[in-house]
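Under the numbering used here, the first residue of the sequence shown is numbered 125, with each subsequent residue one higher.
C-beta: ideal position from N, C-alpha, C; glycine also.
Remarks on the structure that follows.
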Amino acid sequence: MTISVRLGEELEQRLESLAKRTGRTKSHYIREVLIERLEELEDLYIAERVLENPSEKRWKLQELIDGKDMAH
Numbered sequence: 125m126t127i128s129v130r131l132g133e134e135l136e137q138r139l140e141s142l143a144k145r146t147g148r149t150k151s152h153y154i155r156e157v158l159i160e161r162l163e164e165l166e167d168l169y170i171a172e173r174v175l176e177n178p179s180e181k182r183w184k185l186q187e188l189i190d191g192k193d194m195a196h
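Listed below in structure tokens is the structure:
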């Protein structure tokens, strides 16, 4: 998918400089930043949900590893 985003001049210059210094594309860094930030936001929203619903069922790591049926 292609997305068009307007960057301010300073941000564009920083991105261009980083890409040139490292030999990677600007798209590479934009993708990396999006992935990292989305993961942070997803974790934040999960944490907020847990705080809002303290009685909701929680799964222990070992239960998930063992393939516990989370639908029940």
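The beta-carbon separation of Leu165 and Tyr153, rounded to 18 Å, does not stay under the 8 Å limit for a contact.
For Lys144, the enclosing alpha helix (DSSP H) stretches over residues 133–146. For Val157, the secondary structure class from DSSP, reduced to helix, strand or coil, is helix. In the displayed model, Glu180 falls within coil according to three-state DSSP, outside both helix and strand.
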